[in-house]
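Enquirer: Sharing a structure with you now.
Protein chains in written order, with the numbering used here: chain A, 162 to 517; chain B, 162 to 517.
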């Protein structure tokens, strides 16, 4: 039996119920800006060794919660665990982005791919989820996540990070049937992965579509949004996942918020290139919104951080359905004290705002 | 006396006059994808040596016009010539982006900066313009350009390329008065630079705001758009520049097209994250639009390139005021034959479209 949830602010905000405080968590809150993270990471030896060790993954997941009054924990993992489990051989060279030893280029490469078995090939993720839930002891909800089918395809076809993912795009143009076969396998895998995380105990599901914003509007709908919608559809038909709120986040896709809100998700991540007031109008209050501070604001002085936090809260206004976050992950050079300033200001100013 | 212009399609499209063919040119059309460019570049020794040698800069400017039926030439240069002339020491390490030996960080650094003298400190640019105009012999118009004040400030404060330009943003937040002093000096310099290019013979002016899209809407208006508007204002008051159409291009800023159209510019560059039909509605036919194909399409097969060209032309529709281009520069691995396919399809399909 898992303990009941002591802080359910996040779940209530995602259901667009009124809360007396705006919940806050931070993308990549367990990360290199924390000295204790760097110590644990060094102990693990490599990023993947850290992600694949449930005890250490649990430890770094909990580290930011010891420092800050965050309203959620997010599973420490990587968005590329699925292609790694498919046999592509994921590694992170020192100071570099992800690399796959065996990228996907041909029809044979695509047809070789199967949906991984979650409780064997990705067992380390589910073990981490179970351990974190136990250690959290109901303090805050645990968010599970996956990369979106399109974002996974980007890395799998390109073989590594890229400015434009032109090789992945070329597959979409030159061999659309092949690209759709790949994305179909990935949508099935992402859905199965999120269902397994739900069964293991996560309480919220998030899909990171880091590279959806690189596409033209029609390509975004055809190669990115369509497959996220399919994942949401499968989740909504599953006993474990059905009741969990799903957050979709396509970076750089502020123009597509209305279409994204039609997928059946509970909330949308929003980057800082759109005012939250405009984003709220675009989705017509159909979903909750999560965002949308520029993470570079953490490089500013505390008084500026507080002012920018208040601007975001004012822009969303006194409506239900806001989760405070950044529009991108926190970067390594940030002073952890600045995160504390931010979290505390979200709580105190949002309470004040509710009182008006 | 300069010869009169034989192909004025670009100028007429920028004035939103009807044309029987849509003009086309390509950002970074003089670049590494051309073997003859690589040969000239090797002869020069370094990128900056190439840019600073008027004869070689003229040669690479003309190279793409020998291969393709392009409707414009664009001065071969770099967006960072102004800060280099200010004494920051620009260099390009092999395979790396730009670097400044002396970045701008303090009030003293900012106050040391003056508007460069165009005919001495940037004479190599004006000599190149004069030579290219003579060599072009009126075949097509010559486009001159500059980086935007904000984009120049990004590199000058950061000292090099960056994913988020967080140091430049931190200056805007922590020391807004200092940031505005810097941007003011840069706006004066950009205006003087474009006026000098106009006096030397360019026939169109373009401002590249590569990093405007990294800002939140309010920061974009305060730190990027405001200073581009000021540059346009100065240009409109100058005898040499007054009659030259000005194109503004903020990458990743599709949400701001309406505000940009209010600056007094003739046209806006548009990246591929918005449909041209929507962009045209956003600017209410107040300005011409230039774009907006994803340059990664050049990695596709010729038949797909033709289809995507037709989609862009159909999306703009049978209205005056469209200049075909990409939403970003062409990349080195592109097959030059694919550029020919694109240019020819723009011409033949747009003629067909006018006939309807």
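C-beta atoms are modelled at their ideal positions from N, C-alpha and C, and glycine is treated no differently. Keep in mind the model is a prediction, meaning the values are calculated, not measured.
Between residue 279 of chain A and residue 192 of chain A, what straight-line distance do the alpha-carbon atoms span, to the nearest angstrom?
Expert: Straight-line Cα distance between these residues: approximately 25 Å.
Enquirer: For the stretch 364-390 of chain A, which residues have a CB atom closer than 9 Å to at least one CB atom of chain B, in sequence order?
Expert: For the stretch 364-390 of chain A, which is checked against every Cβ of chain B, the residues closer than 9 Å are 374, 375, 376, 377, 378, 379, 380 and 381.
Enquirer: Could you name each continuous alpha helix (DSSP H) segment of 4 residues or more that falls completely within the stretch 320-374 of chain A, going from the start of the chain to the end?
Expert: Entirely contained in the stretch 320-374 of chain A, the alpha helix (DSSP H) runs reaching 4 residues are, in chain order, 327-335 and 337-361.
Enquirer: At the 8 Å Cβ level, is residue 351 of chain B part of the contact set with chain A, yes or no?
Expert: So, not an interface residue.
Enquirer: At a CB distance below 7 Å, what residues from the stretch 419-435 of chain B approach chain A? Give them in sequence order.
Expert: From the stretch 419-435 of chain B, only 433, 434 and 435 have a Cβ closer than 7 Å to chain A.
Enquirer: With a threshold of 8 Å between beta-carbons, can residue 330 of chain B be considered close to chain A, or not?
Expert: Yes, residue 330 of chain B counts as interfacial toward chain A.
Enquirer: Which residue or residues does DSSP assign as beta-bridge partners of residue 308 of chain B?
Expert: The partner list for residue 308 of chain B (beta bridge, DSSP) reads B/369.
Enquirer: Is the shortest distance between the beta-carbon of residue 458 of chain A and the beta-carbons of chain B less than 8 Å?
Expert: Taking Cβ atoms only, chain B reaches closer than 8 Å to residue 458 of chain A, which makes this a yes.
Enquirer: Could you confirm whether any beta carbon from chain A is found closer than 8 Å to the beta carbon of residue 334 of chain B?
Expert: It does: the Cβ of residue 334 of chain B has a partner Cβ on chain A nearer than 8 Å.
Enquirer: Considering residue 452 of chain B, what are the terminal residues of the beta strand (DSSP E) in which it resides?
Expert: 449-454 is the span of the beta strand (DSSP E), which, as asked, contains residue 452 of chain B.
Enquirer: Going straight from the alpha carbon of residue 401 of chain A to that of residue 492 of chain B, what length do you get?
Expert: Rounded to the nearest angstrom, the two C-alpha atoms are 46 Å apart.
Enquirer: Can you have a look at residue 321 of chain A and say buried or exposed, based on whether 16 or more other CB atoms are within 10 angstroms of its CB?
Expert: Answer is exposed; the Cβ neighbour count stays below 16.
Enquirer: Kindly confirm or deny that the stretch 427-435 of chain B and the stretch 473-491 of chain B touch, where touching means at least three C-beta pairs closer than 8 Å.
Expert: Result yes; three or more Cβ-Cβ pairs closer than 8 Å.
Enquirer: Out of curiosity, what's the CA-to-CA distance linking residue 501 of chain B and residue 295 of chain B?
Expert: If you take the alpha carbons of residue 501 of chain B and residue 295 of chain B, they lie about 25 Å apart.
Enquirer: So which residues on chain A does residue 462 of chain B lean against when the C-beta distance must stay under 8 Å?
Expert: Those are 334 and 335, listed as they occur along chain A.
Enquirer: With DSSP run on the structure shown, which of helix, strand or coil describes residue 377 of chain B?
Expert: Reduced to three states, the DSSP call for residue 377 of chain B is coil.
Enquirer: By the three-class DSSP mapping on this structure, what secondary structure does residue 234 of chain B have?
Expert: Strand at residue 234 of chain B.
Enquirer: Select from A/201, A/202 and A/170 the residue whose C-alpha is nearest the C-alpha of residue 303 of chain A.
Expert: Considering only alpha carbons, the answer is A/170.
Enquirer: Mind checking whether residue 407 of chain A and residue 368 of chain A have CB atoms under 8 Å apart?
Expert: For residue 407 of chain A and residue 368 of chain A, yes; Cβs fall inside 8 Å.
Enquirer: Please state whether DSSP places residue 465 of chain B in a helix, a strand or coil.
Expert: Residue state, collapsed to three classes: helix.
Enquirer: At a Cβ threshold of 8 Å, is residue 254 of chain A touching chain B?
Expert: No, its Cβ sits nowhere closer than 8 Å to a Cβ of chain B.
Enquirer: Comparing C-alpha positions only, which one of B/327, B/200 and B/338 sits nearest to residue 217 of chain B?
Expert: The candidate whose alpha carbon is nearest that of residue 217 of chain B is B/200.
Enquirer: Mind checking residue 370 of chain A: buried by the 16 CB within 10 Å criterion, or exposed?
Expert: The residue in question, residue 370 of chain A, is buried, as its Cβ has 16 or more Cβ neighbours within 10 Å.
Enquirer: On the three-state DSSP scale, how would you describe residue 431 of chain A?
Expert: Here residue 431 of chain A sits in strand by DSSP.
Enquirer: Smallest Cα separation from residue 257 of chain A: which of A/263, A/248 and A/207?
Expert: Looking at the Cα atoms, A/207 is the closest of the given residues.
Enquirer: Counting only Cβ pairs nearer than 9 Å, list the residues of chain B close to residue 325 of chain A.
Expert: Ordered by position in chain B, the residues that pass the 9 Å Cβ test against residue 325 of chain A are 455, 456, 457, 489 and 492.
Enquirer: Look up residue 207 of chain A in the DSSP assignment and say whether it is helix, strand or coil.
Expert: Residue 207 of chain A: coil per DSSP, three-state reduction.
Enquirer: Thinking C-alpha only, which one of A/187, A/300, A/341 and A/175 is nearest residue 382 of chain A?
Expert: When only C-alpha atoms are compared, the closest one is A/341.
Enquirer: Would you identify the three-state DSSP class for residue 483 of chain A, choosing helix, strand or coil?
Expert: Reduced to three states, the DSSP call for residue 483 of chain A is strand.
Enquirer: Are any of the Cβ atoms in chain B nearer than 8 Å to that of residue 413 of chain A?
Expert: Residue 413 of chain A counts as touching chain B.
Enquirer: Quick one: is residue 246 of chain A near chain B, going by C-beta distance under 8 Å?
Expert: Not an interface residue.
Enquirer: What would DSSP say about residue 411 of chain A, mapped onto helix, strand or coil?
Expert: Three-state result, residue 411 of chain A: strand.
Enquirer: Closest to residue 334 of chain A by CA distance: which of B/220, B/238 and B/455 is it?
Expert: Ranking the options by Cα distance to residue 334 of chain A, first place goes to B/455.
Enquirer: Whose CA, out of B/248, B/219 and B/246, lies closest to the CA of residue 236 of chain B?
Expert: The residue with the shortest Cα to Cα distance from residue 236 of chain B is B/219.
Enquirer: Does any residue of chain E have a CB that is nearer than 8 Å to the CB of residue 240 of chain B?
Expert: Of the protein chains in the structure, A and B, none is chain E.
Enquirer: Identify the contact partners of residue 416 of chain B in chain A, using a Cβ-Cβ distance below 7 Å as the criterion.
Expert: Those are 415, 434 and 435, listed as they occur along chain A.
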